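K.L.:
These protein sequences, in sequence, are chains Y and B.
Position one of the first sequence corresponds to residue 1 (my numbering), numbered consecutively onward.
Position one of the second sequence corresponds to residue 1001 (my numbering), numbered consecutively onward.
No residue lacks a Cβ here, since even glycine has one placed at the ideal position from N, Cα and C.
Nothing here was measured: the structure is a model prediction, and the numbers come from that model.
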Amino acid sequence: MTEPTPWTRRHFIQRGTALASMAATAPLFIQRASEAMCLPLGSMLSSLAGVPQDHVLVVVQLAGGNDGLNTVVPYGSSDYYKKRPQLAIAAPGKGNEAALALPGSDGLGLHPAFSGFRELFDNGLGCIVQGIGYPNPNRSHFSSMDIWHTADTSGRDNGWLGRYFDNTCKGTPEAASGIALGNAAPLAMQGAKSLPVSFESPDLYRWMGEDFGDDVASAFKSVPGKHDSGTDDNLAFLKRTALDAQMSSNQVRKAVSVSPLTSWSGGDLATQLQTVAALVRAGMSTRVYYVTLGGFDTHANQEGSHQRLLRQVGDSLLSFQNELKAQGNDGRVLTMVFSEFGRRVGENGSGGTDHGTAAPMYLVGPMVKPGVHGTHPSMTNLDDGDLKFTADFRQVYAAALKNWMGADADTILRKRWNPAPVLKS
Amino acid sequence: MPHALSPLPEKDFGYWEAEHLLARAGFGGTPSQILTLSNMGLKKAVDYLVEWERVKDPLADGSEFRSDIMEPLSRENRQRRDLARRNSDERTLEQFRAARQERQREDRRQMRSIQSWWLERLIETPRPLHEKLTLFWHGHFATGYRAVEDSWHMMLQNNMLRQNAGGNFKNDLVHNIVRDPAMIKYLNNNQNTRKAPNENLARELMELFTLGEGNGYTEDDIKEGARALTGMTYRDDAFSFNQRNFDSSGKTIFGRSGQFDGSDFVELIFQRPSASWFVPWKMHRFFVDDSTEISTTTKAAVNRMASTLKRNSWNVRPMLRELFRSKHFYDQKNRRSMIKSPVQLAVQAVRSLDTPVRSINRVNQACGLMGQEIFFPPSVKGWEAGRKWINTSTLFIRNNLLVYLMTGRDPGAKAWEGSPGGWDATPLVSHLRGLDGRDEAKDIVTYLARFTLGTAPTDGRLEEWTALAKSRDRIDNETLVHLLSLMTACPEYQLC
Chain Y
1 MTEPTPWTRR HFIQRGTALA SMAATAPLFI QRASEAMCLP LGSMLSSLAG VPQDHVLVVV
61 QLAGGNDGLN TVVPYGSSDY YKKRPQLAIA APGKGNEAAL ALPGSDGLGL HPAFSGFREL
121 FDNGLGCIVQ GIGYPNPNRS HFSSMDIWHT ADTSGRDNGW LGRYFDNTCK GTPEAASGIA
181 LGNAAPLAMQ GAKSLPVSFE SPDLYRWMGE DFGDDVASAF KSVPGKHDSG TDDNLAFLKR
241 TALDAQMSSN QVRKAVSVSP LTSWSGGDLA TQLQTVAALV RAGMSTRVYY VTLGGFDTHA
301 NQEGSHQRLL RQVGDSLLSF QNELKAQGND GRVLTMVFSE FGRRVGENGS GGTDHGTAAP
361 MYLVGPMVKP GVHGTHPSMT NLDDGDLKFT ADFRQVYAAA LKNWMGADAD TILRKRWNPA
421 PVLKS
Chain B
1001 MPHALSPLPE KDFGYWEAEH LLARAGFGGT PSQILTLSNM GLKKAVDYLV EWERVKDPLA
1061 DGSEFRSDIM EPLSRENRQR RDLARRNSDE RTLEQFRAAR QERQREDRRQ MRSIQSWWLE
1121 RLIETPRPLH EKLTLFWHGH FATGYRAVED SWHMMLQNNM LRQNAGGNFK NDLVHNIVRD
1181 PAMIKYLNNN QNTRKAPNEN LARELMELFT LGEGNGYTED DIKEGARALT GMTYRDDAFS
1241 FNQRNFDSSG KTIFGRSGQF DGSDFVELIF QRPSASWFVP WKMHRFFVDD STEISTTTKA
1301 AVNRMASTLK RNSWNVRPML RELFRSKHFY DQKNRRSMIK SPVQLAVQAV RSLDTPVRSI
1361 NRVNQACGLM GQEIFFPPSV KGWEAGRKWI NTSTLFIRNN LLVYLMTGRD PGAKAWEGSP
1421 GGWDATPLVS HLRGLDGRDE AKDIVTYLAR FTLGTAPTDG RLEEWTALAK SRDRIDNETL
1481 VHLLSLMTAC PEYQLC
């Protein structure tokens, strides 16, 4: 690359300067907060200077159970067409609603509406990991989502990304923080000690009382009060968090007020990813972002709704990648897409599909090994009408944690999982 | 003999002690309510809260909700459906599916109404400890609608917990909860049969409801206990014992052998030494100190609670009465030290500031955003409480909820036109007006700070608020709202 990216060392130094100049006027307790080695989650002011890792993970959750078989279409299988007389997607070349061929794969194509992802795939920026699941699949949305979020098949642990934060904050000198977009902090991001910053929309991530007038807004600045760094009672904790909230609120709102560099597709997912891109661009030290799109529980009349959903997912991922590239940040950001389960092989009588098991995951970014990885589950050797998984989702988590975030995946996942070979070494 | 919960002398019970009592054993109140309580004296004030039956409860009891939304198919309809299945009659099956989906939608709507109904009770109740204990038991015997999928059963459970909130922990609460349809469904005991035992209820009964994790039971006790619980299911809206699914063969639980059933299992659990400790410890966390660590003083206090509970054959009121009268409860270390739960924050704000509720749905939604959606606990473990409630995002929601209650300004709305409306804050400070030789602005700011935060901050904030008040032409309602918005945005306001 010839152009210097916004994330060269020079930029780090500038940000360091900004901190230094603030320090001259900021009261002592604010300085302490921004100097702290391991900041309470939500602190955005840590500079990553001196820390070699600046990798970011973006998790995209497709809630409701995305129909894997109509996303990555096994058009080479006659059983697929037998079991889905209404819903099957035609093989590539057969009509204008036919699957998009995946070069180099054996009888697999993409849903025609998933063209945004296909473009990423063709440019070597996307990969598909087939047959992902876990033993004794749970078909309840709630329970299966818990299993994915905890990386524990009983769903009783805390969140896997929360454990990443807990773990990183313990030993290694990395200030870690996570941001979840949406109205609730996902379990995945909740550790024993760590909670993510979460907000539904950056506009709401602020104190409304500011609008009373300048004098009130100005008085709000001292509301967190002075905190004695020597104590750790509930009040000291609240004061620290209140200070973090004020600072991150300013940063977040400033970050999203900058217009994007590229033009974006529409929809809820694109809006969330656009916020993520703006935050990445603003130089936040956040390591993990979490976004969610719902509506994948397609029990009835799946055709139209699934088509719209996949169009939105593909186009949003493509817009996100284009924006990151224009920023020069594409090399820093790995995007991982999952859903709590796939759907049953056979369609139901309502033009839809019911809760199933294994399904593909999708990874995006120049660091991914492009192509289709793993083994497609058998379309004939089924488990009570459901696909049998061929790889465990925790192998993909292990790859993201170990090979991308440089974290101790074995400790975080509580077991040694062989990382799925999905990233360039 | 002095013990860890020896009583506070009556003479030490004043306004601020009454304020503490009403906040912890209830949801706070207006200055005049606090004054009433403090004038009663310690013993009478505690009795007033603990013996809540003396106060009439005029609020709706939930019987107005529909019980039939999720009722099982009639025999005739079941036969029609089975026939359609056998014949692969997709059209009829589709009708059944559509009808079921419609009922589920209707039930979700009713669930939202039931949430509002309870939140309204919490806000309006003349028996604050009664509702607060019901909230405690809801978090203790946590059951979530998402898995129960029957709003009427959730409401029935809520009423069962309310009815027994101050009763006997063993007989009224634990024996009833293992017979509660919502709980049976939630922990799959309707699937716990002789042929295919399901350990879910047996495990949680010991781990989360009575003994505490790993406290005096083994994995084998879970397996054997699960067999004792077989056959305990529900039919329509009531408990039902299915003799055919009951495993009547011998079991060995805690080293004792017999043909135990579910009730025997509960009785055996209560013979374990750890049975008297776990719930008092959770109550201590709920009422006194939300820290997860067990300090020496906490341990001594909980030991005493445990022995009082046991001495009174598992009746919870004597234990609570002793706790709320104790020196330990009023210790400075335990004042303004607990982080308000979202429900506590919302309900206390309305009850103590006497603001309008605005929209009960909005308040309920805000509680969800702050991490506590009633009837939807995150898991059977209930809510984790304490610092888990707080992050940068929930802190803004907490602050904005107060602005909303005081002004009616919806947090989601973009533009903000006009002045604060619908709530008159002036009565709060009318007694401080026009006093000769006094600094009115300073008096008002100091009073409001003490009223909302329990303290007048000495770090410059009080001076800043006073200057703000003085810069206005007069301290009118709008200025009061501005001041209170700032004060309730302070970290101190999150504590009770």
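Leaving out five residues on either side along the sequence, give the residues of the same chain with a beta carbon under 7 Å from the beta carbon of B:Glu-1199.
P.N.:
In the second sequence, residue 1199 of chain B corresponds to position 199, counting from 1. The answer, listed in chain order, is Ile-1222, Lys-1223, Ala-1226.
K.L.:
Buried or exposed for B:Ser-975, please, with buried defined as at least 16 other CB atoms from any protein chain shown within 10 angstroms of its CB.
P.N.:
Outside the shown range of chain B, which is 1001 to 1496, sits residue 975 of chain B, and nothing can be said about it.
K.L.:
Listing by chain order, which chain A residues have their CB less than 7 Å from the CB of Y:Pro-224?
P.N.:
In the displayed structure, chain A is absent; the protein chains listed are Y and B.
K.L.:
Do the CB positions of B:Asn-1364 and B:Gln-1115 come within less than 7 Å of each other?
P.N.:
Looking up residue 1364 of chain B in the second sequence gives position 364. Looking up residue 1115 of chain B in the second sequence gives position 115. Yes, they are a contact pair.
K.L.:
Assign B:Glu-1019 to buried or exposed, taking buried as 16 or more other Cβ atoms, counted over all protein chains shown, within 10 Å of its Cβ.
P.N.:
The residue given as residue 1019 of chain B occupies position 19 in the second sequence. Under this definition B:Glu-1019 is a buried residue.
K.L.:
Which chain Y residues sit within Cβ distance under 7 Å of B:Trp-1465?
P.N.:
Here residue 1465 of chain B refers to the residue found at position 465 of the second sequence. Within 7 Å Cβ-Cβ: Ala-219.
K.L.:
So, at 8 Å on beta carbons, what are the nonlocal neighbours of B:His-1130 in its own chain, with the 5 sequence-adjacent residues on each side left out?
P.N.:
Counting from one through the second sequence, the residue named residue 1130 of chain B turns up at place 130. Excluding sequence neighbours, B:His-1130 sits near Trp-1052, Asp-1057, Arg-1162, Ala-1165, Gly-1166.
K.L.:
Within 7 Å (strictly less), CB to CB, does Y:Ser-47 reach chain B?
P.N.:
Counting from 1 along the first sequence, the entry for residue 47 of chain Y is found at position 47. At Y:Ser-47, the pLDDT of 30 sits below 50, so the modelled position is not reliable; the number obtained from the coordinates is stated separately. False, the Cβ-Cβ gap to chain B never drops below 7 Å.
K.L.:
State the start and end residues of the unbroken alpha helix (DSSP H) segment that holds B:Thr-1355.
P.N.:
As a position in the second sequence, residue 1355 of chain B is number 355, starting the count at 1. Here B:Thr-1355 belongs to no alpha helix (DSSP H), and DSSP marks it neither H nor E.
K.L.:
Name the chain B residues whose beta carbon is nearer than 7 Å to that of Y:Lys-239?
P.N.:
Along the first sequence, one-based indexing puts residue 239 of chain Y at 239. Per Cβ cutoff of 7 Å: Pro-1491.
K.L.:
Going by other Cβ atoms of all chains shown within 10 Å of its Cβ, with 16 needed for buried, is B:Met-1487 buried or exposed?
P.N.:
Taking the first residue of the second sequence as position 1, residue 1487 of chain B is located at position 487. B:Met-1487 comes out buried.
K.L.:
Along chain Y, in chain order, which residues have C-beta atoms closer than 7 Å to that of B:Asp-1459?
P.N.:
Within the second sequence, numbered from 1, the residue matching residue 1459 of chain B stands at position 459. Residues of chain Y passing the Cβ test: Gly-225, Lys-226.
K.L.:
Are the CB atoms of B:Leu-1173 and B:Leu-1187 within a distance shorter than 7 Å?
P.N.:
If you number the second sequence from 1, residue 1187 of chain B lands on position 187. If you number the second sequence from 1, residue 1173 of chain B lands on position 173. Contact flag unset, no.
K.L.:
Can you give me the C-alpha to C-alpha distance between B:Thr-1392 and Y:Leu-125, rounded to a whole angstrom?
P.N.:
Taking the first residue of the second sequence as position 1, residue 1392 of chain B is located at position 392. Taking the first residue of the first sequence as position 1, residue 125 of chain Y is located at position 125. In a straight line, the C-alpha of B:Thr-1392 is about 34 Å away from that of Y:Leu-125.
K.L.:
Is B:Thr-1392 close to chain Y? Criterion is C-beta to C-beta, closer than 7 Å.
P.N.:
Locating residue 1392 of chain B in the second sequence gives position 392, where the first residue counts as 1. Yes, its Cβ sits closer than 7 Å to a Cβ of chain Y.
K.L.:
Could you run through the stretch 375-391 of chain Y and flag, in chain order, every residue whose CB is less than 8 Å away from some CB of chain B?
P.N.:
For the stretch 375-391 of chain Y, which is checked against every Cβ of chain B, not one residue is closer than 8 Å.
K.L.:
Which residues in the same chain as Y:Phe-142 place their Cβ atom closer than 7 Å to its Cβ, once the five residues preceding and following it in sequence are excluded?
P.N.:
In the first sequence, the residue the question calls residue 142 of chain Y occupies position 142. Nothing meets the Cβ criterion.
K.L.:
How should Y:Thr-380 be labelled, buried or exposed, when 16 other C-beta atoms within 10 angstroms of its C-beta is the threshold for buried?
P.N.:
Along the first sequence, read from residue 1 onward, the residue named residue 380 of chain Y stands at position 380. The residue in question, Y:Thr-380, is exposed, as its Cβ has fewer than 16 Cβ neighbours within 10 Å.
K.L.:
Report yes if the CB atom of Y:Met-367 is closer than 7 Å to the CB atom of Y:Lys-424, and no otherwise.
P.N.:
In the first sequence, the residue the question calls residue 367 of chain Y occupies position 367. In the first sequence, the residue the question calls residue 424 of chain Y occupies position 424. Contact flag set, yes.
K.L.:
Whole angstroms are fine: how far does the CA of Y:Ser-115 sit from the CA of Y:Ala-99?
P.N.:
On the first sequence, residue 99 of chain Y is found 99 positions in, with the first residue counted as 1. On the first sequence, residue 115 of chain Y is found 115 positions in, with the first residue counted as 1. Cα to Cα, Y:Ala-99 sits roughly 10 Å from Y:Ser-115.
K.L.:
Is DSSP giving B:Tyr-1234 helix, strand or coil here?
P.N.:
Counting from one through the second sequence, the residue named residue 1234 of chain B turns up at place 234. Reduced to three states, the DSSP call for B:Tyr-1234 is strand.
K.L.:
Which one of Y:Gln-61, Y:Arg-343, Y:Gly-162, Y:Pro-74 has the shortest CA to CA distance from Y:Thr-375?
P.N.:
By 1-based counting over the first sequence, the position of residue 375 of chain Y is 375. The candidate whose alpha carbon is nearest that of Y:Thr-375 is Y:Pro-74.
K.L.:
Taking Y:Leu-69 as the query, report the chain B residues whose CB atoms sit under 8 Å from its CB, ordered along the chain.
P.N.:
For the purposes of this step, residue 69 of chain Y is identified with residue 69 of the first sequence, where counting begins at 1. The contacting residues do not exist; Y:Leu-69 stays about 21 Å from chain B at best.
K.L.:
Can you give the Cα-Cα distance for B:Leu-1309 and B:Glu-1071, rounded to whole angstroms?
P.N.:
What you label residue 1309 of chain B is simply residue 309 of the second sequence in a count that begins at 1. What you label residue 1071 of chain B is simply residue 71 of the second sequence in a count that begins at 1. C-alpha separation (whole angstroms): 39 Å.
K.L.:
Interface residues of chain B around Y:Ser-198 at Cβ under 8 Å?
P.N.:
Along the first sequence, one-based indexing puts residue 198 of chain Y at 198. Within 8 Å Cβ-Cβ: Asn-1391, Ser-1393.
K.L.:
Short of 6 Å in beta carbon distance, which residues of its chain neighbour B:Phe-1246, apart from the five on each side in sequence? Order them along the chain.
P.N.:
Within the second sequence, numbered from 1, the residue matching residue 1246 of chain B stands at position 246. Around B:Phe-1246: Thr-1230, Gly-1231.
K.L.:
Closer than 6 Å by C-beta to B:Trp-1016: which residues in its own chain qualify, once you throw out the five before and the five after it? Chain order, please.
P.N.:
In the second sequence, counting from the first residue as 1, residue 1016 of chain B sits at position 16. No residues qualify anywhere along the chain.
K.L.:
Quick check on DSSP: helix, strand or coil for Y:Thr-292?
P.N.:
Counting from one through the first sequence, the residue named residue 292 of chain Y turns up at place 292. Note: Y:Thr-292 maps to strand in three-state DSSP.
K.L.:
Helix or strand or just coil, what does DSSP make of B:Thr-1252?
P.N.:
Position 252 of the second sequence, counted from the start, is the residue given in the question as residue 1252 of chain B. Looking at B:Thr-1252 - three-state DSSP - the assignment turns out to be strand.
K.L.:
Name the chain Y residues that come within less than 7 Å of B:Pro-1411, Cβ to Cβ?
P.N.:
Stepping through the second sequence from its first residue, residue 1411 of chain B is reached at position 411. Here the neighbours are Leu-204, Met-208.
K.L.:
Going along the chain, which unbroken runs of the beta strand (DSSP E) with 3 or more residues stay wholly within the stretch 98-161 of chain Y?
P.N.:
Within the stretch 98-161 of chain Y, the complete beta strand (DSSP E) runs of at least 3 residues are 126-133.
K.L.:
Can a CB atom of chain B be found closer than 7 Å to the CB of Y:Val-396?
P.N.:
Position 396 of the first sequence holds residue 396 of chain Y. No, its Cβ sits nowhere closer than 7 Å to a Cβ of chain B.
K.L.:
So which of B:Leu-1022, B:Gly-1041, B:Arg-1024, B:Gly-1026 has the shortest CA-CA distance to B:Phe-1013?
P.N.:
As a position in the second sequence, residue 1013 of chain B is number 13, starting the count at 1. Comparing Cα-Cα distances from B:Phe-1013 to each of B:Leu-1022, B:Gly-1041, B:Arg-1024, B:Gly-1026, the minimum goes to B:Gly-1041.
K.L.:
Which class does Y:Pro-377 belong to by DSSP, given the choice of helix, strand or coil?
P.N.:
Counting from one through the first sequence, the residue named residue 377 of chain Y turns up at place 377. Looking at Y:Pro-377 - three-state DSSP - the assignment turns out to be coil, as it is neither helix nor strand.
K.L.:
Count the other CB atoms within 10 Å of the CB of B:Thr-1218; is the residue buried (16 or more) or exposed (fewer)?
P.N.:
Here residue 1218 of chain B refers to the residue found at position 218 of the second sequence. Per the 10 Å Cβ criterion, exposed.
K.L.:
Can you list the residues of chain B that Y:Ala-242 reaches, using a CB-CB cut of under 7 Å?
P.N.:
By 1-based counting over the first sequence, the position of residue 242 of chain Y is 242. Near Y:Ala-242 (Cβ distances below 7 Å), the residues of chain B are Leu-1395, Pro-1491.
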